[in-house]
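Everything on this sheet refers to the single structure shown next.
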């Protein structure tokens, strides 16, 4: 069983250890149509011809500094086994719309499917309820089917997509940003 602790600082080595990427044999293909009277989005889970490997995360100094400030808000948690960080959730409240934004949510590959992610998310959800927030929001990629399924098991629903969050060429063939929400 992992020990869950409040994070007050972000250790880059710990973050890199747990943010190792993902593999998928399918993806959500996004169809988008926009005309004068109707805008439609449709996502269909589609098998891939070849497995997809989501790259391990990299973090520039500005992002690490932002995460360090986020950790000071008291919404970020780490999971530890034998003193080693094996999971992390970096979250921050947005007071203007009463949501909690999850910036990073990772469990080291060797520790996945053991309930550690649930323990981390449960801490954020409990704090959000206690503080009167209205939802917790996570963003992932249309290619990260494992994360989408994990979020669904945690009570999240897919409520939004952004077809140009990562680049102006995301849609139609690259990764598309998917936003999952857990309403409280």
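Numbering (our numbering), first residue to last: 37 to 220. Where is the CB? At the ideal position from N, CA and C, for every residue including glycine.
According to DSSP, residues forming a beta bridge with residue i
i	result
residue 136	129, 172
residue 63	82
residue 177	213
residue 42	113
residue 187	Answer is none; residue 187 lacks a bridge partner.
residue 194	216
residue 76	69
residue 157	The partner list for residue 157 (beta bridge, DSSP) is empty, contrary to what the question assumes.
residue 37	None, per the DSSP bridge assignment.
residue 98	Per DSSP, none; premise fails for residue 98.
residue 89	59
residue 119	Answer by DSSP bridge pairing: none, since residue 119 is not bridged.
Whole-angstrom distance between residue j and residue i, CA atom to CA atom
i	j	result
residue 119	residue 194	35 Å
residue 209	residue 78	14 Å
residue 149	residue 72	45 Å
residue 47	residue 93	14 Å
residue 164	residue 53	27 Å
residue 85	residue 203	24 Å
residue 45	residue 96	16 Å
residue 178	residue 116	29 Å
residue 196	residue 76	12 Å
residue 42	residue 74	46 Å
residue 171	residue 124	19 Å
residue 138	residue 207	24 Å
residue 182	residue 127	20 Å
residue 111	residue 185	23 Å
residue 98	residue 107	14 Å
residue 147	residue 168	32 Å
residue 192	residue 218	4 Å
residue 159	residue 189	16 Å
residue 136	residue 161	9 Å
residue 104	residue 67	37 Å
residue 134	residue 220	11 Å
residue 199	residue 173	17 Å
Local Cβ density within 10 Å of residue i, reported as buried at 16 or more and exposed below that
i	result
residue 205	exposed
residue 130	exposed
residue 143	buried
residue 176	buried
residue 211	buried
Nearest-angstrom Cβ-Cβ length linking residue i and residue j, presumed shorter than 8 Å
i	j	result
residue 55	residue 140	7 Å
residue 51	residue 64	With a Cβ gap of about 26 Å, residue 51 and residue 64 do not count as contacting.
residue 38	residue 155	7 Å
| Cβ contact check for the segment 49-67 and the segment 82-97: 3 or more pairs under 8 Å | Yes, the segment 49-67 touches the segment 82-97.
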